[in-house]
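Below: the structure, in structure tokens.
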Amino acid sequence: MPHSVQYVLPGAGDDIAGRLERALTRAGRSVLARRPLAGPEPYPLPEPGTLRWQVRRLPADLVFDEDFNVPGADEPDPAFLLVQETMPGGERWSDEGWDLTLCRELSAEADGFVCALDNWDYICRHGVAMFLAGRTVEARERTVHSALSLGGPRPDNWWLSVWDIHGRHTMELLDESACWLFGQVAHTEDWIVTPAGPFTAEPPSPVCRVVLPGLEQAPPGPLPPGVRVRAGRLDGAPFTVLGHEGRLADLDLAALSAGISQPVVGLEVPGAGEPFTWAHARGGEITATGRGQGAEDLLAAVRPLGDAPGLFFGG
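Heads up, the sequence shown stops at 319 in our numbering, and the numbers go up one at a time, no gaps.
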């Protein structure tokens, strides 16, 4: 079986091809050829050395209001990006594997989560990783030569159940246990790209994201300079995300949550697998705060947002 790796980006927004190409460029890679794939699945298996990407849409659950209308019925279904790379070495072992730099840069381009999986086999290479907004939350890999551990327990033994871990991560973010097979394909392309380079963890630098469910626009009152505001809709309901390249303490989370009946979630993620800070607020009060490290802790921090918290990011 050819050696392939997989990256999942919840919340694929507009211009996903442009974002993916910019992320490749920032990772030091180039697109040499493009081939859109037409027609329904199944598609032919990609040739070795191919990067295949798909935008897949998740049919939204129908929720009726008191007048038996479906809010947001005219809005497009939530989408995610699935990227699969088939290594040029085919079935032979080589040093080529997943591109964690690309995953990190793609999460920065999309301002969202990226979950990554490399499962060559249980001896030669296996790894699992998660990124958010250009920061490494967790990256764990075991090869015949070395072990990598950022933000998670070190894979001291030879077995790292990457499919199970990757499946839990995507389930928590997308509410789909087999998200890479789920949903309806909206677009597929095969790209021939230059090889990946080595991965180096980024210097820790805090990035802050605050999700305000139910809010259609920026909250009233002044915000620190440079704070970005993005409004969106999910399942017919509005939400707003604040992006701040700085500390969570720079934002008054209690004041931001005033008048919001749903949980507001704030995150400060430094990257390089270092511990992060989180806070929850509602109705003008801080309800919980804490610190965590790694993907499992971050997923627990965003869980109050609902069944598919990853779709609030990556717009």
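Quick reminder that beta carbons are idealized off the backbone N, C-alpha and C, glycines included.
Whole-number beta carbon distance between residue j and residue i, since they are thought to touch under 8 Å
| i | j | result |
| --- | --- | --- |
| Thr140 | Glu206 | 6 Å |
| Leu177 | Cys119 | 7 Å |
| Pro274 | Pro308 | With 8 Å as the limit, Pro274 and Pro308 do not qualify as a contact, their Cβ atoms being about 22 Å apart. |
| Leu238 | Leu315 | 6 Å |
| Glu272 | Arg251 | 6 Å |
| Thr105 | Phe203 | 5 Å |
| Leu36 | Trp57 | Not confirmed; about 15 Å, so no contact. |
| Leu216 | Thr244 | 4 Å |
| Ala27 | Glu142 | About 19 Å separates the two Cβ atoms, so there is no contact after all. |
Residue closest to residue i, alpha-carbon to alpha-carbon, out of the options
| i | options | result |
| --- | --- | --- |
| Asn123 | Gly296, His170, Trp195, Ser209 | His170 |
| Asp81 | Val211, Leu303, Arg60 | Arg60 |
| Gly320 | Leu49, Gly101, Gly310 | Absent from the model: residue 320. The displayed extent of the chain is 5 to 319, so no value can be given. |
| Asp2 | Leu28, Gly318, Gly310, Gly32 | Since the first residue of the chain shown is 5 and the last is 319, residue 2 is not available in this structure. |
| Gly277 | Leu302, His284, Ile290 | Leu302 |
| Ala42 | Leu104, Met91, Glu193 | Glu193 |
| Gly156 | Thr244, Glu300, Ala305, Glu51 | Glu300 |
| Leu227 | Tyr11, Pro242, Glu249 | Glu249 |
| Ile20 | Leu260, Asp115, Ser265 | Asp115 |
| Arg144 | Ile290, Pro52, Gly318, Gly298 | Gly298 |
| Ala83 | Thr54, Gly225, Val12 | Val12 |
| Ala262 | Pro224, Gly240, Pro242, Ala235 | Pro224 |
DSSP-derived helix/strand/coil call for residue i
| i | result |
| --- | --- |
| Gly318 | coil |
| Ala21 | helix |
| Gln10 | strand |
| Val306 | helix |
| Thr204 | coil |
| Ala312 | coil |
| Gly15 | coil |
| Trp97 | Residue confidence is low: Trp97 scores 47 on pLDDT, short of 50, so the model does not pin down where it sits. Its coordinate-derived value is still stated next. Coil. |
| Ser261 | coil |
| Ser153 | strand |
| Arg33 | coil |
| Gly171 | helix |
| Ala227 | The identity of residue 227 in the sequence shown is Leu, whereas the question assumes Ala. It is coil, neither helix nor strand. |
| Val177 | Residue 177 is actually Leu in this sequence, not Val. DSSP places Leu177 in helix when its eight states are reduced to three. |
| Leu28 | helix |
| Leu49 | coil |
| Ala222 | coil |
Buried/exposed call for residue i, threshold 16 Cβ in 10 Å
| i | result |
| --- | --- |
| Thr174 | buried |
| Trp167 | exposed |
| Pro40 | exposed |
| His130 | buried |
| Pro14 | buried |
| Thr293 | exposed |
| Ser111 | buried |
| Glu2 | Because the chain here runs from 5 to 319, residue 2 falls outside it and cannot be looked at. |
| Gln4 | Beyond the ends of the chain as shown, which are 5 and 319, falls residue 4; an answer cannot be given. |
| Arg33 | buried |
| Arg232 | exposed |
| Ala259 | exposed |
| Glu113 | buried |
| Ala253 | exposed |
| Val148 | exposed |
Bridge partners - residue i, DSSP secondary structure assignment
| i | result |
| --- | --- |
| His130 | Asn123, Arg146 |
| Trp102 | The partner list for Trp102 (beta bridge, DSSP) is empty, contrary to what the question assumes. |
| Asp194 | Arg39, Arg56 |
| Gly247 | Arg213, Arg232 |
| Gly294 | Trp282 |
| Phe135 | Val118, Thr140 |
| Val268 | Ala285 |
| Gln88 | Gln10, Arg56 |
| Arg108 | Its beta-bridge partners do not exist; DSSP assigns none. |
| Gln188 | Arg61 |
| Val273 | Val211 |
| Ala241 | Leu238 |
| Ala83 | Arg61 |
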